[in-house]
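A.B. asks: Let me begin by handing over the structure; questions about it come next.
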Amino acid sequence: MNPNATPDGPLDRAFAILDFVATQLKAVTAAEIAKSLDLPLPTAHRLISNLEIRGLLQRAAGTKRFVVGNALVVLAGKTIGSAFRTARRHAVLQNVAAEIGEQCEIGIVRNSAVVYVDSVRVKAPQTLQFDPGHSAPLYCTSTGKIYMSMLPVKLREKLVRTLHKEQHTENTLTDPDALLSALEQTRKEGWARSNEEFVKGVVGCAVPILAPSGTLIACLGVSVPVARVSFDDLQGFRGPLVKAAMLLSETILQSGSDVTEEDTD
């Protein structure tokens, strides 16, 4: 450790700015950032400018206010994906997949789409498989529904009404009011189900994986052919998925080194 480093060094301040902007529900000005973090305004401007140049912050369209930048969003997605590919967390995924007898996957939201970062398959594939790197729309997947349901009401409605929605199947919810109603139900129940909304013949469900602060990190879900598991029968997966999601959340609090899956080969 550098003996000259201080908790109030430039890097600490830069991280504090990123953390502050990322936790706000709206775009913020440099003055608001400086005031909230007790920074001299010139210092805040300098740090914000450096972060903006690197794509970690960006200006909200047509304003002088700041939001998180695309580079930070991509980095966050990669970081979460890497974190869930550790041997310890992958073991949790393997155990719940074995318990319910179906493929389980962990998905995150990146650039208005669901991206799957880890999965465990226990049966020979018969239909759609959400393997790592695969992406899917927000509005017709269980993980996407959880993400949208946890947004503040106004932001949720704005996203639903502006998001491009394609009619993938006859069950796809493309009507904004119908989708908003489904998201409100998801918010109340704390989990989500999809009924052949992305691919015909495939149903699925997901539960949130939360940080200790209650922030949504990712979702744990399952996708199965309706010929094997009916939409109503998905209810039986809820308990094991919730238990596994809690175990995954607890690993975030645990200290000590971990290894990746590749290290165990």
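Here numbering that gives the first Met the number 0 is used: position 134 in the sequence shown is 133, and no number is missing along the way.
The beta carbon of each residue, even a glycine, is placed where N, CA and C say it ideally should be.
#1: What whole-angstrom Cβ distance do Ala59 and Ala43 have, given they're in contact under 8 Å?
#2: With the cut-off set at 8 Å, would you say Leu154 and Ser111 are in Cβ contact?
#3: In terms of DSSP beta bridges, what is Asp117 paired with?
#4: Just the Cα atoms here: how many angstroms apart are Glu188 and Gly203?
#5: Based on DSSP bridge pairs, tell me the residues matched to Thr62.
#6: Give every residue of the same chain whose Cβ lies closer than 6 Å to the Cβ of Ala33, excluding the five residues on either side of it in the sequence, and list them in chain order.
#7: For the putative contact between Gly8 and Gly106, defined by C-beta atoms under 8 Å, what is the C-beta separation to the nearest angstrom?
#8: For Arg186, report the span of its alpha helix (DSSP H) as first-last.
#9: When the Cα of Ser35 is compared with those of Lys242, Leu46 and Val20, which residue comes out closest?
#10: Taking the straight line between their C-alpha atoms, what separation do you get for Ala191 and Arg45?
C.D. replies: If we stick to the structure as given:
#1: Actually they are not in contact, since the Cβ atoms of Ala59 and Ala43 sit about 17 Å apart, beyond 8 Å.
#2: no
#3: According to DSSP, which records beta bridges pairwise, Asp117 is partnered with Ile105.
#4: Roughly 15 Å between the two C-alpha positions.
#5: Note: Thr62 sits in no beta bridge, so no partner.
#6: Leu40 and Ala43
#7: With 8 Å as the limit, Gly8 and Gly106 do not qualify as a contact, their Cβ atoms being about 36 Å apart.
#8: Arg186 -> alpha helix (DSSP H) spans Pro175 to Glu188.
#9: Val20
#10: 43 Å
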